[in-house]
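Notes follow once the structure below has been shown.
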Amino acid sequence: MEWTPDEPVQVTAGPRRTTPLYLATDGTALHGSWEMGDLSSFAGGLNAREVTRLLLYRPRYSTSTVFTGIHRLRERATAHFGGALFPRCPEAALHSGPRDLADDADVLGAFVQAMGDAWDTRPLETVTTAAHLTGGFDSGVLATRAAAPRLHPRQRRVSPYDEPLYRPFQRLTEGLAAFGVRAVVTGLGGD
């Protein structure tokens, strides 16, 4: 965030897990959070275009969210605020193609290590964990790699970008909970 007296505030979202950043304004102050739910009081209604894109699994790189009144800054995006909010996406990045892989690169080993590190931060109880297998390769890989101790419980508002199928998953997890399941391993959406 940059501020100079008598100039609009400039907010720039950076890479490496600092995005997306959600912004909202009441006309006098700029509010921001990495959790969309923190800005729920600024949601004016549903943005039909963004809701449609989300439901069709066709999200676009934009500053819009499914809620009017809440804007999203993704990597390299900038917003200016001086009483009104003006978010702007960066120019498209040029991609020349994939890099060459070193002859001695252990891709599978690195993947297994990364997944193991992820499971260690959120260990699962094998007795109360179910695997939601969608038929995709990613859910099968995740299910076979699931480890032991339990997930840390979270009590927070749901962002539609975290789970586009919230209602079906809610019904699924309620049913699984009735059978004593306390965690579901899934790879939905990764294929």
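Numbering that gives the first Met the number 0 puts the first residue of the sequence shown at 0, with every later residue one more than the last. C-beta atoms are modelled at their ideal positions from N, C-alpha and C, and glycine is treated no differently.
Status (buried if at least 16 other CB within 10 Å, exposed otherwise) for residue i
| i | result |
| --- | --- |
| Pro-152 | Confidence at Pro-152 is low in this model, with a pLDDT of 48, below 50, so its placement is unreliable and no value can be given for it. |
| Val-10 | buried |
| Ala-193 | As displayed, the chain neither begins before 0 nor continues past 190, which places residue 193 out of reach and without an answer. |
| Leu-107 | exposed |
| Arg-71 | buried |
| Met-0 | exposed |
| Ala-177 | exposed |
| Ala-91 | exposed |
| Leu-54 | exposed |
| Glu-49 | buried |
| Ala-83 | exposed |
| Ala-113 | exposed |
Identity of the residue in the options nearest residue i by Cα
| i | options | result |
| --- | --- | --- |
| Arg-75 | Asp-105, Cys-88 and Asn-46 | Cys-88 |
| Ile-69 | Leu-93, Gly-81 and Asp-37 | Asp-37 |
| Thr-51 | Ser-40, Gly-174, Thr-64 and Thr-133 | Thr-64 |
| Gly-26 | Arg-98, Thr-18 and Phe-41 | Phe-41 |
| Ala-12 | Ala-91, Trp-33 and Ala-23 | Trp-33 |
Cβ shell of residue i (< 6 Å), same chain only, five flanking positions each side left out
| i | result |
| --- | --- |
| Ala-101 | none |
| Trp-2 | Val-8 |
| Pro-58 | Arg-52 |
| Thr-18 | Ala-12, Arg-73 and Glu-74 |
Residue i Cβ short of 7 Å to the ligand PLP heavy atom set
| i | result |
| --- | --- |
| Asp-137 | Only the bare structure without any ligand can be found here, which leaves the ligand PLP out of the picture. |
Residue i versus residue j - alpha carbon distance
| i | j | result |
| --- | --- | --- |
| Thr-185 | Pro-167 | 14 Å |
| Leu-29 | Asp-99 | 44 Å |
| Phe-85 | Ala-104 | 44 Å |
| Gly-115 | Asp-137 | 15 Å |
| Leu-171 | Val-180 | 11 Å |
| Gly-43 | His-79 | 20 Å |
| Leu-93 | Met-35 | 29 Å |
| Pro-97 | Ala-109 | 18 Å |
| Gly-174 | Thr-133 | 17 Å |
| Ser-39 | Ala-23 | 9 Å |
| Gly-31 | Tyr-21 | 5 Å |
| Thr-62 | Pro-4 | 26 Å |
Rounded distance between the beta-carbons of residue j and residue i, thought under 8 Å
| i | j | result |
| --- | --- | --- |
| Asn-46 | Thr-77 | About 21 Å separates the two Cβ atoms, so there is no contact after all. |
| Tyr-56 | Arg-73 | That belief does not hold up - the Cβ atoms of Tyr-56 and Arg-73 are roughly 18 Å apart, past 8 Å. |
Sequence-distant residues of its chain with Cβ nearer than 8 Å to residue i (five each side left out)
| i | result |
| --- | --- |
| Gly-81 | Glu-6, Pro-7 and Val-8 |
Same chain, Cβ closer than 7 Å to residue i, neighbours up to 5 away in sequence not counted
| i | result |
| --- | --- |
| Gln-169 | none |
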